[in-house]
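Novice: Taken in order, these protein sequences are the chains called L and X. Here the first sequence stands for residues 1 to 158, numbered as in our numbering. Here the second sequence stands for residues 1 to 648, numbered as in our numbering. Think of the CB as a built atom: it goes at the ideal place given N, C-alpha and C, for glycine as much as any other residue.
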Amino acid sequence: MAQLEEITQILSFYSKGDISSLIQVLQDIQETNGYLSEESILEVSNYYKIPSSRVYGIATYYNQFRFKPKAKFHFEICNGTGCYLENSELIGQYIETKISEYAKGRDLSKLVSIEKVPCMGTCAFSPVLLLNDELHIHLTKHKIDEIFENLDLKVQDE
Amino acid sequence: MNKAPIKYKKFLVENVLFSQNHEFDNITINTLDRILDKKAEVPIVFACVSTNSIAGGIEGTIRFIEEYIQKNNSRLQLKIKGSLGWLDIEPLVYVQLPGKNRIVFKNANEENIQIILDSILNSVVPTEFTLGQFKLGDNEHWENVPFMDELDFFNAQKRIVYKNIGLINPECIDEYIATGGYVSLAKAVSRYTPEELCRFVEKSELRGRGGGGYSTGKKWLSTFNEISNQKFVICNADESDPGAFMDRMLIENDPHKLLEGIAIAAYAVGATKAYIYIRNKYKLSIERLEKAIDHAHEYGLLGHNILDSGFNLDIQIRKGAGAYVCGEESALIKSLEGKRAMPQSKPPYPSKHGLHGKPTLINNAETLANIPVIIEKGTDWFKDLGVAEARGTKTFSAVGSCQNLGAFEVELGTKLKDIVYHLLGGIKNDKQFKAIHLGGPSGGIVSKENLDTPIEYSSLREIGTDIGSGGMVILDENKCVIDFIKYYANFLQNESCGKCIPCREGSRKIYDIFYHITRKPMSVSKTITLERFKGVIELEGLAQVMKDTSLCGLGQTAAMPVLSSLRWFRDEYEEHIFDRYCKAGECKDLRTFIIDVEKCTGCTICAKKCPEGAIIGTQRNPYFIVENKCNGCGICYQVCKFGAISLK
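1. Residues of chain X with CB closer than 9 Å to the CB of N33(L), please, in chain order.
2. Which bits of chain X does S52(L) rub up against, with CB to CB less than 7 Å?
3. How close, in whole Å, do the beta carbons of Y61(L) and R209(X) come, if the pair is a contact with beta carbons under 8 Å?
4. Near E140(X), which residues of its chain fall below 8 Å by C-beta distance, leaving aside the five closest residues on each side in sequence?
5. Tell me, please, whether the CB atom of Y62(L) is closer than 8 Å to any CB atom in chain X?
6. Determine the chain L residues that contact G634(X) at a beta-carbon separation under 8 Å, and present them in chain order.
7. Grab the span of the alpha helix (DSSP H) containing A103(L) for me, first residue to last.
8. Taking the alpha carbon of V93(X) as the reference point, which residue from P255(X), A398(X), G57(X), P441(X) has its own alpha carbon closest?
9. Using a Cβ-Cβ cut-off of less than 9 Å, give me the residues of the stretch 122-136 of chain L that come near chain X, in sequence order.
10. Spatial neighbours of L539(X) within its chain, please: CB distance less than 8 Å, with the 5 preceding and 5 following residues excluded, ordered by chain position.
11. Alpha carbon to alpha carbon, how far is L542(X) from G506(X)?
12. Within a Cβ cutoff of 7 Å, which residues of the same chain sit near C123(L), ignoring the five residues on either side of it in sequence?
13. Does the beta-carbon of T518(X) have 16 or more other beta-carbons within 10 angstroms, so that it is buried, or is it exposed?
14. Quick one: Cα of I248(X) to Cα of A369(X), how far?
15. Could you tell me which of Y94(L), R106(L), K70(L) sits nearest to H142(L), measuring between CA atoms?
16. Could you check how far apart the C-beta atoms of I165(X) and D254(X) are, in whole angstroms? I think they sit under 8 Å.
17. CA-CA distance, C402(X) and K431(X)?
18. Helix, strand or coil: how does DSSP classify M1(X) here?
19. Applying a beta-carbon distance threshold of less than 9 Å, which residues of chain L neighbour N280(X)?
20. Just the chain X side, please: which residues come within less than 8 Å of L85(L) by C-beta, in chain order?
21. Please tell me whether I482(X) and Y623(X) are closer than 8 Å, where the distance is taken between their beta carbons.
22. What is the residue span of the beta strand (DSSP E) that Y94(X) lies within?
23. In chain order, what residues of the same chain have a beta carbon less than 7 Å from the beta carbon of C630(X), not counting five sequence neighbours either side?
24. Could you give the distance in angstroms between the alpha-carbon of Y515(X) and the alpha-carbon of G440(X)?
25. Spell out whether any CB of chain L is found under 8 Å from the CB atom of Y487(X).
26. I77(L) to L117(X), Cα distance in whole Å?
27. Is G60(X) near the ligand ZN, judged by its Cβ being under 7 Å from some heavy atom?
28. For L87(X), go through chain L and note every residue whose CB falls closer than 8 Å to its CB, in chain order.
29. Compute the beta-carbon to beta-carbon distance between M342(X) and K547(X), rounded to the nearest angstrom, for a pair I have assumed lies under 8 Å.
30. Can you pull the chain X residues whose beta carbon is under 9 Å from the beta carbon of I19(L), in chain order?
31. In whole angstroms, what is the alpha-carbon distance linking H74(L) and D589(X)?
32. Just to confirm, are S442(X) and A331(X) a CB contact at a threshold of 8 Å?
33. Is it the case that the Cβ atoms of F393(X) and L385(X) are separated by a distance below 8 Å?
34. Report yes if the C-beta distance between I173(X) and H295(X) is below 8 Å; otherwise report no.
35. Tell me which residue opens and which closes the beta strand (DSSP E) that D314(X) is part of.
36. Mapping DSSP to helix, strand and coil, what is N363(X)?
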C-alpha cells in the first residue's frame, strides 16, 4: 500500500491533462520503487484517463523500464562498444557459470540477476560491471572470483 | 562547494557582460585572472571530477586531500575542475604553487596521491606521475616538464567546443564567464536582430554535428520564418550510440557553453522554451546541467528579460528513456510528447510542424556549442578552419585498441592517419592496426589503405563510412571484423522501432545471417546449410534494399557497417563462410579448444562440465577434445584450474 501512496504523490506533481509528462512520471516511479509494478501502471492510466495498454505499450518500448524488481545482487554488465571489444561477453558468460555453480540446481532468480546495459561512459576502464551501484573496473576472471567470494549467496539458502 | 558562487556576480555582469566593446582595463583583467586562479597565493590542488575519473577513484583522492589538509594544518586549497578528455590516464590532479605554472599529475588515485603531494609541495617533481604543465601568465616554468600543448594528444587538436574542458570548474559560472563565456549571448541579444543571427550562422557554413550534416543556418532560418505564437528549441543530447561520449564530455565539463548556445538559438528563431533531451544514464551531466541552469537564472542569463533585452527563455531538462531511434528528430519529438518514439515521414519538417505541432528547432548539442565561438570570432575566422564543404572542427571519442583513449576535437580535414598514429598514440601492446570504425551503428568500417583519407563528409562517404555523431572505434590485428559488425547488427535489430518493414525485418535478417556465418553447423540438415549460403549471397542485396526503402535514418544507414565491411574485409567474410574459421578467435561459436597434454592433470572437471560431451579421456591422464563435437562454448576453458586449455 505504501507503494500506492508514493505513486499518488508522484502523480500530484504532474497535470492530469498533459499527457506529455507520461514518460517522466514512469521514470519517477521507477526511481522510487525500482521497477514498474502492475498496480503502478494501472494507477497511472487511471490518473490520465487513458487505457492501461497504452501506458504499458509506451513503457515496454523504452529500454529503461523494468517490470520486475531487482534481485538482491543485481549485476549490470556494460555492453558498450569499448567493453564489448574487451570481451565483456565472456565476462557475462563467466558470471553466469559462477552463478549456476552456486545455484546447484536451485532457483536463484530472486537473489541474483544479470542485466546487459548500454555504455556507462567509463570506457577507459573496460570491461566494467555495476554490482548494486558499486562499480568494478578492469574485470578479469580472477576479479569476478573475488567478487563472488564476498557475496553471501550461501547464507540466503532457504 | 556546490552553492552558486555570487561573490563576483555584480562585477561579472556589470563589467564583463555589459561592457561596450569587451576590452578590459587592468583591474578587470586582474580580477578575471584571480577567478581563474592564474596567480596562486597559496598552493592549490585541483581535482578533475568526471564520470570516468570517479570510476578511476577520484573520490578517494579528494577524501585523502581533505584529510591531508586537516592533518598537516596546511594552507593547501582544494578545488574542482572538469576532465581534460584524455581518459586512460585519469584520475588527474593539477597542483599550482605560488608563482609557478600549474602542473598536471596522472593516475592520482588514493594510493599515489600521497607521494605526489609530499614531493610537489617540497618543489620536487615526481616524474613518474607527471604529465605536463600549463602555461599560465608570467608564472615561472617547471624545468624538464613538457608543456601540455606539446603533448601528442593535445598538439594535434584544435579545441573550440572543448576549449574550456578540464580548465574550468563546470559547476562554477564565474569561471565560465571569466573565460569569455556568455559574452556572445550578450552580444547577440544586444546587437543582432534574430534574422541577422540566422543569416550570420548560415554564412558561417556550420553543418549539423549529429550525423546528418544539414546546414544549421538554413534550419534556423526556416524555423524563424514560420509564424506561430509558440516555438521550441530542442537540444539533442541523447547520445545512445554505444561507445560514443563526446557530447557527455562537453556537457559534463562545460555545461554553460551548451546553455549559451541554446539561448542564442532560441533568441534567433524566436523560441521562449527550450528542452535538453539527455540520456538518463548521464547522471553527472544532468546534475551539472541542472546546477548550471540554476546559476544562469541567478545571473539573469536565463529566465525573464535576459540581460535587459526583453527576451525570455526557460530551459528544461528531459531525460531520455533509452531508445537509439531518438537520435532521429521526429522520433525525439514523439518521445517528448510522451509517446512511443517512432519516426515520421518528412515533410512536414519539425521547423514547420514540430513539438505539439509548433515550429521547432532541433540541434545536436555540439552544433549549439559551436555557436558562441562563431559569434565571438566571426564567420571568416570559422570558415578558415576545416575544408570546403566542411568548416570548423568536430569532436570525436575513441575507444578500442589505441594507446590513448578519450574524447578529442580536430579540425575537419585532418587525416585519419594523423589521428590514429599521432593523437591516439598508435595501437597498444605493439600490435598492428587493422581497422577503424567511424560513426557508430550507422557508420562504416575501413581498413588500413584508407588511412590517408581526410575526415570530412564527402571523402568519407566515398570510402563507405561517415562521420556520424563522432564515435571512433579502433581495432587491432587480433580483433575480428565480422564479430564486431555482428555486435552492431544485434544492436540495430534491438533498437529498430518496428514501424517500417524494411528496417524491422531487414535488421533482424542481417543479424540472422551473421549469426549463421559465425557458428559451426550444429545439425547435418542440408536445408540449414542451403539457407546459410542463400543468406550470404543475398546479404548485399538486402543491405541495398534497406538503404533505399527505410523510413528514417536508422534504417537507411543500418546496412552501412555491413556494406563497408564487405567492401574492405571481404577476405575475412570468405574465411568465415568457406573455412568456418575465425583467425582472431573472437567468434565464440567458431572456436575450437585444445588441451595442453603437459599441463593437464586429468582432474576430469572439464569433461564433467562439457555440455556436448566432447571431452574424453581417463582419469589422471591428459584429456582430449573431440573437435567435431566441440561447440566452442568455452566452459572448459573457464573451469580449468591449471590453464591447460587454450584456443586452437
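Specialist: In short, the structure shows the following:
1. Neighbours of N33(L) on chain X: none; closest Cβ ~16 Å, over 9 Å.
2. The premise fails here: S52(L) is roughly 15 Å from chain X at the closest Cβ pair, so nothing lies under 7 Å.
3. Incorrect: roughly 27 Å between the Cβ atoms, too far for contact.
4. G99, K100, N101
5. yes
6. L90, Q93
7. 88-103
8. G57(X)
9. T122, C123, A124, F125, S126, V128, L135
10. I510, I513, V562, L566
11. 7 Å
12. G80, G82
13. buried
14. Here the sequence assigns Arg to residue 248(X), which means Ile is not the residue at that position. Rounded to the nearest angstrom, the two C-alpha atoms are 12 Å apart.
15. Y94(L)
16. 5 Å
17. 10 Å
18. Below a pLDDT of 50, predicted positions are generally treated as unreliable, and M1(X), at 38, falls in that range; the measurement from the model is reported next regardless. Correct three-state label for M1(X): coil.
19. Q27, Q64
20. V399, G400, S401, V473, L475, K479, F484
21. no
22. 93-96
23. T592, F593, E612, A614
24. 20 Å
25. yes
26. 35 Å
27. This structure lacks the ligand ZN; in fact it carries no ligand of any kind.
28. C123, A124
29. Going by Cβ atoms, the distance from M342(X) to K547(X) rounds to 20 Å, so no, they are not a contact pair.
30. E337, G338, K339
31. 28 Å
32. no
33. It is Thr, not Phe, that sits at residue 393(X) in the sequence shown. Taking 8 Å as the Cβ cut-off, T393(X) and L385(X) qualify as a contacting pair.
34. yes
35. 314-320
36. strand
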